[in-house]
Amino acid sequence: MMTHITGLALDCANLTDGDYEIGCKIYATCANHQLTMHQCDAGKVYNMRTRSCDDPKNVPPPCNEAGHCTTSTDGRYAIQSMNCTSYYTCVNHNLQGINFCAPGTVFNEALQTCDWADHVAPPCGTKH
Numbered sequence: 001m002m003t004h005i006t007g008l009a010l011d012c013a014n015l016t017d018g019d020y021e022i023g024c025k026i027y028a029t030c031a032n033h034q035l036t037m038h039q040c041d042a043g044k045v046y047n048m049r050t051r052s053c054d055d056p057k058n059v060p061p062p063c064n065e066a067g068h069c070t071t072s073t074d075g076r077y078a079i080q081s082m083n084c085t086s087y088y089t090c091v092n093h094n095l096q097g098i099n100f101c102a103p104g105t106v107f108n109e110a111l112q113t114c115d116w117a118d119h120v121a122p123p124c125g126t127k128h
């Protein structure tokens, strides 16, 4: 069985049994070539080390950025610990997901999109 999630495909027929991270909030379990999708509750993200949903502070970057949503307004925010090559989205104080910029670009918070570094102000870019 193959399942598509926002442009990703996961086929348990070719995978060993176990958990597979799809994103910070979604993971899949393959068992006997059958796929089961899971979504972490609000305020939690998937921790690959413990194979369970966990508090963001216990999870390595970039998924640990989810904790910032509790104090952030709706929008997209650069993940500076990842050199701004990725960003997270907050809606109603909950993490909606982590996205990655195309190679050679960084996240421009002012424009809410990925952009060339020389078009983005520090700390993410080099614009003067």
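To convert, note that position 26 of the sequence shown is 26 in UniProt numbering; the numbers rise steadily by one, no gaps. The C-beta atom is built at its ideal place from N, Cα and C for all residues, glycine as well.
Leaving out five residues on either side along the sequence, give the residues of the same chain with a beta carbon under 7 Å from the beta carbon of residue i.
| i | result |
| --- | --- |
| ILE79 | PRO61, PRO62, GLU65, SER86, TYR87, TYR88 |
| LYS127 | ASP118, HIS119, VAL120, ALA121 |
Beta-carbon separation of residue i and residue j under 9 Å?
| i | j | result |
| --- | --- | --- |
| PRO107 | VAL120 | Looking at the sequence shown, residue 107 is not Pro but Phe. Yes, the pair counts as a contact, with Cβ atoms nearer than the cut-off. |
| ASP17 | ALA31 | yes |
| HIS93 | THR71 | yes |
| GLY125 | CYS84 | yes |
| MET48 | ASP19 | yes |
| ASP55 | TYR46 | no |
Based on the DSSP output, what are the partners of residue i in its beta bridges?
| i | result |
| --- | --- |
| VAL45 | ASP54 |
| VAL106 | ASP115 |
| HIS68 | Beta-bridge pairing links HIS68 to no other residue. |
Have a look at the options and flag the residue whose alpha-carbon is nearest the alpha-carbon of residue i.
| i | options | result |
| --- | --- | --- |
| ILE26 | ARG76, LEU111, CYS84, GLY97 | GLY97 |
| PRO123 | SER52, MET82, ALA13 | MET82 |
| HIS33 | GLU109, ASN14, LYS44, TRP116 | ASN14 |
| LYS44 | PHE100, CYS101, GLU109, LEU95 | LEU95 |
Note down, in chain order, each residue of its chain lying with its Cβ closer than 8 Å to the Cβ of residue i, except the 5 sequence neighbours on either side.
| i | result |
| --- | --- |
| LEU111 | none |
| ASP74 | CYS90, VAL91, ASN92 |
Give every residue of the same chain whose Cβ lies closer than 6 Å to the Cβ of residue i, excluding the five residues on either side of it in the sequence, and list them in chain order.
| i | result |
| --- | --- |
| THR3 | In this prediction, THR3 scores a pLDDT of 44, lower than 50, which makes its location untrustworthy; no coordinate-derived value is stated. |
Within 9 Å (strictly less), CB to CB, does residue i reach chain D?
| i | result |
| --- | --- |
| GLN96 | The structure shown has no chain D; it contains just one protein chain. |
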